[in-house]
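Asks: Oh and the sequence shown: position 348 is 348 in the numbering used here, straight run, nothing missing. Each residue gets a CB set at the ideal place from its N, CA and C atoms; glycine is no exception. What you are looking at is a predicted structure, and each value in this text was computed from that prediction instead of being measured. Handing you a structure now.
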Amino acid sequence: MNVRELALATLDRVTRDKSYSNIAVDTVIKRENLTGKDRSLFCVLVYGVIEKKITLDYLIDALSSLSPEKIEPSARNLLRMGLYQLRFLDRVPDHAAVSETVNLAPRRTRGFVNAILRSYLRQKETLTLPKKEDGTARYLSVLYSYPEEFCEKLLSDFGEEKAEAILAAFEKTPALTLRVNTLKTSRDALLADFSARGLDATPTENAPHGIRVENATPTEIGLEEGLFFVQDEASQIASAALGARAGDTIYDICACPGSKSFGAALDMENKGCLLSFDLHENKLSLVKKSAERLGITILKTEARDGRDFDDRLLASADRIICDVPCSGFGVVAKKPEIRYKELSSCETLPAIQYDILNNACRYLKPGGTLLYSTCTIFREENEDNVARFLREHPDFSLTPFRVGNLDVPEGQITLLPCDHGTDGFFIAKFTRKESFDDRK
1 MNVRELALAT LDRVTRDKSY SNIAVDTVIK RENLTGKDRS LFCVLVYGVI
51 EKKITLDYLI DALSSLSPEK IEPSARNLLR MGLYQLRFLD RVPDHAAVSE
101 TVNLAPRRTR GFVNAILRSY LRQKETLTLP KKEDGTARYL SVLYSYPEEF
151 CEKLLSDFGE EKAEAILAAF EKTPALTLRV NTLKTSRDAL LADFSARGLD
201 ATPTENAPHG IRVENATPTE IGLEEGLFFV QDEASQIASA ALGARAGDTI
251 YDICACPGSK SFGAALDMEN KGCLLSFDLH ENKLSLVKKS AERLGITILK
301 TEARDGRDFD DRLLASADRI ICDVPCSGFG VVAKKPEIRY KELSSCETLP
351 AIQYDILNNA CRYLKPGGTL LYSTCTIFRE ENEDNVARFL REHPDFSLTP
401 FRVGNLDVPE GQITLLPCDH GTDGFFIAKF TRKESFDDRK
């Protein structure tokens, strides 16, 4: 199979099975041993079509005389892939995009696919998307390829200007961001090594141990050597805000995939007690494997539900990381399917998050620090949970913090890609007062 055949088969599988695209893509890359330009084109086609599905479907339906439900799913994916190349990929000549796409079509749909693609080429200068005056949510939905309800939610929470800025920032391909393993090296040393190897690497703006690398994958630049691990700058800022120190006792309540546990261990200089909890033992086994690669020896894991209280841990931690399960709407630039989640499917999350936070806070010593974080940008999972927590826990208060040049005097912040160049991410830092009743 050539690269476009592989991309179409992968898109069909993701559409049919509702599987995660990153897993499907990784499986094909390993099975077919894709490298270089083939790997790049394969990834661009699969991820690009998923990201731009709403825009592409708008174009297909505008160009086709068939009603949408009469276009077979595989034919629609093929048209999406062809139109994506014509509209968004300058490096693929129009004639090649059309001929390669038509050649993949079965005989019964070949004429239809050819007609749609050639019709697009004839009309591309006059074919228009919805205008803002036709409805802002509809305009944003088709232009940036997000469901209308998602755009309406953004508009409600952030207003028109900021909502569009967020969507435009999500369009940009994020750089690979690494956290330097300070047990083995320094940021300056790793930057010098990357530079000597011809990599485009720069220090992160605020996270003190972060590096951004353009056009590279972790395995290509030495992940297995244990000199770094992958962690977005937003998550690194949260880790830095925790303020871990050597000798601390720290609990990471929802630890997987482990980056905040690793960051805490490094800031602890691998001295102290670090317990990493998560619901799934199989995920924790990967955390342990990564910790070994990094040379972290203080990390212990235990499978547990963060909503279940463990009285053995009462008032025993100096610091607690509470990075709760969330809708993930802050990381759509890296996980394109997330944008298509129905908002109704996330309605139960704030209550789950609060239950986890409500349990975790009881494990904290007086004077201790509790960090609450999510990788989403909507109030219900962030500020609303914080406000409820403060109402119901007068023994806690928000604590100002500063990481690099990022000053957070209110003790809570929503990081946005358009403002901070990071994932969308929420951080709140609490301190427990010196006197409290732990029997509540």
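Going by DSSP, what residue range makes up the alpha helix (DSSP H) through Ser276?
Replies: Reading the sequence shown from its first residue, position 276 is the one you call residue 276. Looking at the DSSP string, Ser276 is not in any alpha helix (DSSP H); the run it does join, the beta strand (DSSP E), is Cys273 to Asp278.
Asks: Ser397 bridges to which residues according to DSSP?
Replies: In the sequence shown, counting from the first residue as 1, residue 397 sits at position 397. Bridge partners of Ser397: Thr431.
Asks: Using CA coordinates, which residue listed in Arg362, Arg319, Ser344 and Thr219 is at the minimum distance from Asp310?
Replies: For the purposes of this step, residue 310 is identified with residue 310 of the sequence shown, where counting begins at 1. For the residues Arg362, Arg319, Ser344 and Thr219, the minimum Cα distance to Asp310 belongs to Arg362.
Asks: Return yes when the Cβ of Gly263 is within less than 9 Å of the Cβ of Ser235, no when it is not.
Replies: As a first step, residue 235 must be located in the sequence shown, where it is residue number 235. As a first step, residue 263 must be located in the sequence shown, where it is residue number 263. Yes, these two residues count as a Cβ contact at 9 Å.
Asks: Does the beta-carbon distance from Leu190 to Pro218 come in below 9 Å?
Replies: The sequence position of residue 190 within the sequence shown is 190, counting from 1. The sequence position of residue 218 within the sequence shown is 218, counting from 1. The answer is no: Cβ separation not under 9 Å.
Asks: Taking 8 Å as the limit between beta carbons, can you name the residues of its chain near Arg402, skipping five residues before and five after?
Replies: For the purposes of this step, residue 402 is taken as the residue at position 402 of the sequence shown. Within the same chain, Arg402 has close Cβ partners Val408.
Asks: What does Asp407 pair with, by DSSP beta-bridge criteria?
Replies: Against the sequence shown, residue 407 aligns to sequence position 407. In DSSP, Asp407 forms a bridge with Arg402.
Asks: From the DSSP output, in three-state form, read off Pro350 for me.
Replies: Translated into the one-based positions of the sequence shown, residue 350 becomes position 350. DSSP places Pro350 in helix when its eight states are reduced to three.
Asks: Looking at Tyr120 and Leu86, is the spacing between their C-beta atoms short of 9 Å?
Replies: Mapped onto the sequence shown, residue 86 falls at position 86. Mapped onto the sequence shown, residue 120 falls at position 120. Yes, the pair counts as a contact, with Cβ atoms nearer than the cut-off.
Asks: Which runs of the beta strand (DSSP E) at least 3 residues long sit entirely within the region 146 to 223? Give them in chain order.
Replies: As far as the region 146 to 223 is concerned, its whole beta strand (DSSP E) runs of at least 3 residues are 176 to 180, 201 to 203 and 210 to 213.
Asks: Do the CB positions of Gly421 and Ile377 come within less than 9 Å of each other?
Replies: Walking along the sequence shown from the start, residue 421 turns up at place 421. Walking along the sequence shown from the start, residue 377 turns up at place 377. Contact flag unset, no.
Asks: Hey, how far is the Cα of Lys440 from the Cα of Ile352?
Replies: As a working note, residue 440 is residue 440 in the sequence shown. As a working note, residue 352 is residue 352 in the sequence shown. Residue placement at Lys440 is poorly supported in this model, since its pLDDT is 47, which falls under 50; the coordinates still yield a value, given next. Their backbone Cα atoms lie some 19 Å apart in a straight line.
Asks: At the level of alpha carbons, what is the spacing between Arg312 and Gly367?
Replies: Within the sequence shown, the letter at position 312 stands for residue 312. Within the sequence shown, the letter at position 367 stands for residue 367. Between Arg312 and Gly367, the C-alpha separation is close to 19 Å.
Asks: Ends of the beta strand (DSSP E) at Val230?
Replies: The sequence position of residue 230 within the sequence shown is 230, counting from 1. Phe228 to Val230 is the extent of the beta strand (DSSP E) around Val230.
Asks: Applying the criterion that 16 or more other CB atoms from any shown protein chain within 10 Å of the CB defines a buried residue, is Ile50 buried or exposed?
Replies: Sequence index remark: in the sequence shown, residue 50 carries index 50 (1-based). When all chains shown are included, Ile50 counts as buried.
Asks: Throw me the rounded Cβ distance for the Arg4 and Leu104 pair, which I believe falls under 8 Å.
Replies: Here residue 4 refers to the residue found at position 4 when the sequence shown is read from its first residue. Here residue 104 refers to the residue found at position 104 when the sequence shown is read from its first residue. The Cβ separation is near 6 Å, so the contact holds.
Asks: Within 10 angstroms of the Cβ of Leu11, are there 16 or more other Cβ atoms? Answer buried if so, exposed if not.
Replies: Within the sequence shown, numbered from 1, the residue matching residue 11 stands at position 11. Buried: at least 16 other Cβ atoms inside 10 Å.
Asks: Quick check: the region 385 to 396 against the region 130 to 139, are there 3 or more CB pairs under 8 Å?
Replies: Verdict: no, contact absent.
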